[in-house]
Amino acid sequence: MEKRIFKNKKTSLLFTILSIVALSILIFLVLPGLLLTNPKSEETQTIVFENTISYGLRDSNGQIVDVGTQINQSSSSSFSGDLEIIQDMEGQYLYYLNILKDLHEIPYEVNGKEVTSANMFSLTNKQKINIDLSIDNISEGNELMVLLFKYPKSNDSMTLERSLEYSVMGLRFNLTNNSTYPQSIKFLNDNDTNDYNARISMVNVQSSNEAILELEKRSNDSVELLLGQTSHENSRHSILSFVNGSLIEKNELPPNTVYEISDNKLYRIPIKIPFTKKENSIFQLVDVLSPYQMNDGIYSITEIDFSNPILIKNSK
């Protein structure tokens, strides 16, 4: 009788040991998979797009010329090179290319055809485009700006929550005649970060500090531009107005108006929304930080800031 009881206890103990071993093997096989799976799923759920632009200018040897330095002018007083634009995000976007000399529009050629203002094209998903670009009548002492505006192709996608996806890319250089002229310009949309020394934002004159993303055009429609300082560095600003990438020179903000920002000074500038015949045109301000002569190279302030875009809906 006692032997039978002892035998049963031995069987129970053996079963317990085997169960513990089996459970340990199961944990050893399954747990690493769980540990590897969770971070992966967590990582794919936390991808966030930032409104940041990386761009550069490449010379004929493929070397990048830093923005903020002086580029060199050839004896022909013209630029002929390659403009490469890469969209690294999903979705359809419209792009408006414009060339400015000394803060004024100038004619240029895209793939052999002359353009007098903004040139529009579209990219879908992760697409890239190469454009033959030619710019004439530029000389030593000129300041050259290559601006590229980016907006969603669908107006329904223009929401305040997604406003950080719209941007203005800008290359800004002074011209000298010391050496060879760069032969390639490259724009790249990526997720690096850019810091600005100043802030520029649009607000409604009648309401709070919320940015406007859509405005029905009436005779008295206007917004207010806030131009201020977010760092201790003093700066000078020229404000330019654009509709669909084209410069509006007859606006209340002429290109030769310069605002000096220092000691946390804040400008509140009333802006009238221009009348446009084309429905759903996009109005946007661009802030060009001075000084104009960038003799200090990459240490000069060379940023190009921009306000949020405003979609103009004309009244019937």
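Take 542 as the starting number for the sequence shown in the numbering used here and just add one per residue. Positions of the beta carbon are idealized from the N, C-alpha and C atoms, including for glycine.
- Per the C-alpha coordinates, the member of K854, M630, D673 positioned closest to D762 is K854.
- Linking K818 to D828 through their CA atoms gives a straight-line distance of about 26 Å.
- For T665, the enclosing beta strand (DSSP E) stretches over residues 660 to 665.
- In this structure, the alpha-carbon of L807 lies about 6 Å from that of L768.
- Sequence-distant Cβ neighbours of S822 in its own chain, meaning closer than 7 Å and more than five residues away, are V784, N785, I853.
- Where F690 is concerned, the enclosing beta strand (DSSP E) starts and stops at 684 to 693.
- L638 and L766 have their C-alpha atoms some 24 Å from each other.
- Exposed is the label assigned to K667, since fewer than 16 other Cβ atoms lie within 10 Å of its Cβ.
- At the C-beta level, L826 and S848 come within 7 Å of one another.
- Ranked by how close their Cα comes to the Cα of D677, the residues I647, Y692, S698, E631 have I647 in first place.
- In the same chain as V799, and ignoring 5 residues on each side of it, the C-beta atoms closer than 6 Å to its own belong to R777, S779, in chain order.
- DSSP lists V784 as the bridge partner or partners of S787.
- Comparing alpha-carbon positions, the option among K642, Y692, I627, Y636 lying closest to S619 turns out to be K642.
- Within the DSSP secondary-structure output, F816 pairs in no beta bridge.
- Secondary structure at S619: strand, using DSSP grouped into helix, strand and coil.
- S848 carries a coil assignment under DSSP once its states are collapsed to helix, strand and coil.
- For Y634, the uninterrupted beta strand (DSSP E) run begins and ends at 633 to 642, by DSSP.
- According to DSSP, N652 shares a beta bridge with no other residue.
- The Cβ-Cβ distance between K691 and Y634 falls below 7 Å.
- If you check the CB distance, V764 and I812 come in under 7 Å.
- With distances taken between CA atoms, N683 lies nearest to I640 out of L624, I640, M630.
- When rounded, the separation of the alpha-carbon atoms in M699 and I679 is 37 Å.
- Classified as exposed, G653 has fewer than 16 neighbouring CB atoms from the shown chains inside 10 Å of its CB.
- Distance between S787 and L644, taken at the CA atoms: about 12 Å.
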